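Per full-length UniProt numbering, the sequence shown starts with residue 1, numbered consecutively.
Read the structure below first, then the notes.
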Amino acid sequence: MLKVENLNVHYGVIQALHDVSFEVGEGEIVSLIGANGAGKSTVLKVLSGLHRLTSGKILFHDQEIQKSATKKIVESGISLVPEGRHVFAGLTVLENLEMGAYLRKDKGNLKKDMDHVYERFPVLAERKNQDAATLSGGEQQMLAMGRALMSKPKLLLLDEPSMGLAPIFIKEIFAIIQEIQKQGTTVLLIEQNAKLALSIANRGYVLETGKVVLSGTGEMLLNSDEVKKAYLGG
Numbered sequence: 001m002l003k004v005e006n007l008n009v010h011y012g013v014i015q016a017l018h019d020v021s022f023e024v025g026e027g028e029i030v031s032l033i034g035a036n037g038a039g040k041s042t043v044l045k046v047l048s049g050l051h052r053l054t055s056g057k058i059l060f061h062d063q064e065i066q067k068s069a070t071k072k073i074v075e076s077g078i079s080l081v082p083e084g085r086h087v088f089a090g091l092t093v094l095e096n097l098e099m100g101a102y103l104r105k106d107k108g109n110l111k112k113d114m115d116h117v118y119e120r121f122p123v124l125a126e127r128k129n130q131d132a133a134t135l136s137g138g139e140q141q142m143l144a145m146g147r148a149l150m151s152k153p154k155l156l157l158l159d160e161p162s163m164g165l166a167p168i169f170i171k172e173i174f175a176i177i178q179e180i181q182k183q184g185t186t187v188l189l190i191e192q193n194a195k196l197a198l199s200i201a202n203r204g205y206v207l208e209t210g211k212v213v214l215s216g217t218g219e220m221l222l223n224s225d226e227v228k229k230a231y232l233g234g
């Protein structure tokens, strides 16, 4: 579904990514793990058109998208849940969800998809007329995910979904990610909690200082001495 080839990315004179290559197959959960500053979030920014690459190729369903505008990337079926959630303060939960469907042409199906989001995240239905800024961190994460799902993505990009959340919310968010995959959406997950990310991943890649240094199945990486030492505390 997604093929990234030799991605090089700069912020001014600083090179953030060095020849990064990876693939995401249809129906998979693929996790990118690594320490702070490894380049994980930069990957998602480039995939969603928020930052331009220096060189390399991004193929989505065999079509090159590295020069496409963000709007076109969303329309092609890629949706990002950004780090830090970024819900629209001053808008209600319902209005935030409607913003997720802004580019959709099939407006007749919005109510059905809104109902699906409410089924998946019942708390959003309870708070649909509440200002999004007044939700708890976990509820805002659910809203950000629901908003992304309203665009009907084929590929969902998740940037640090567990960041700043209480353990009870983290467990719930990761169960929902698995449920989203089971219902047919492919997931690329960027996550600092390596153990959790790999435990639900079909495959994973380890990024260090902007380079892919290790790849394999989620189970293989979980059991790797190198990964255990660097990311799993022994």
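Idealized CB from N, CA, C, for every residue including glycine.
These numbers come from a predicted model, not from an experiment.
As summarised for the stretch 115-183, the continuous beta strand (DSSP E) elements at least 3 residues long and confined to that stretch are 155-159, given in chain order.
With respect to the 7 Å criterion, L97 and E75 are not classified as neighbours on the basis of their beta carbons.
The C-alpha of G12 is placed about 43 Å away from the C-alpha of H116. In the DSSP assignment, N96 falls within the alpha helix (DSSP H) that extends over 93-100. Cβ contact annotation for I73 (same chain, cutoff 7 Å, sequence separation greater than five): S48, G49, I65, in chain order.
Nearest C-alpha to S162 among L232, G216, Q63, E191: E191. Taking E5 as reference, the option from G204, F22, K67 with the minimal CA-CA separation is F22.
Minimum Cα-Cα distance from T70 among the listed residues Y231, S199, G210, V46 corresponds to V46. K211 sits in a strand when the DSSP states are folded into three classes. When beta bridges are read from the DSSP output, T186 appears opposite L155. Between V24 and M1, the C-beta spacing is below 7 Å. In its chain, beyond the 5 residues on either side, R85, G164, L165, A166, F169 have a beta carbon closer than 8 Å to the beta carbon of G137. Per DSSP, the continuous beta strand (DSSP E) segment holding V4 begins and ends at 2-11. Its chain contains G138, Q141, M142, M145, P161, S162, L165 as the residues whose beta carbon lies nearer than 8 Å to that of I173, once the 5 sequence neighbours on both sides are disregarded; these appear in chain order. T217 sits close to R203, with the two beta carbons spaced by under 7 Å. Three or more beta-carbon pairs separated by less than 8 Å are not found between the stretch 112-129 and the stretch 50-62, which leaves the two stretches without contact. Here S41 is near D159, since their CB atoms are less than 7 Å apart.
At least 7 Å separates the beta-carbon of V87 from that of L124.
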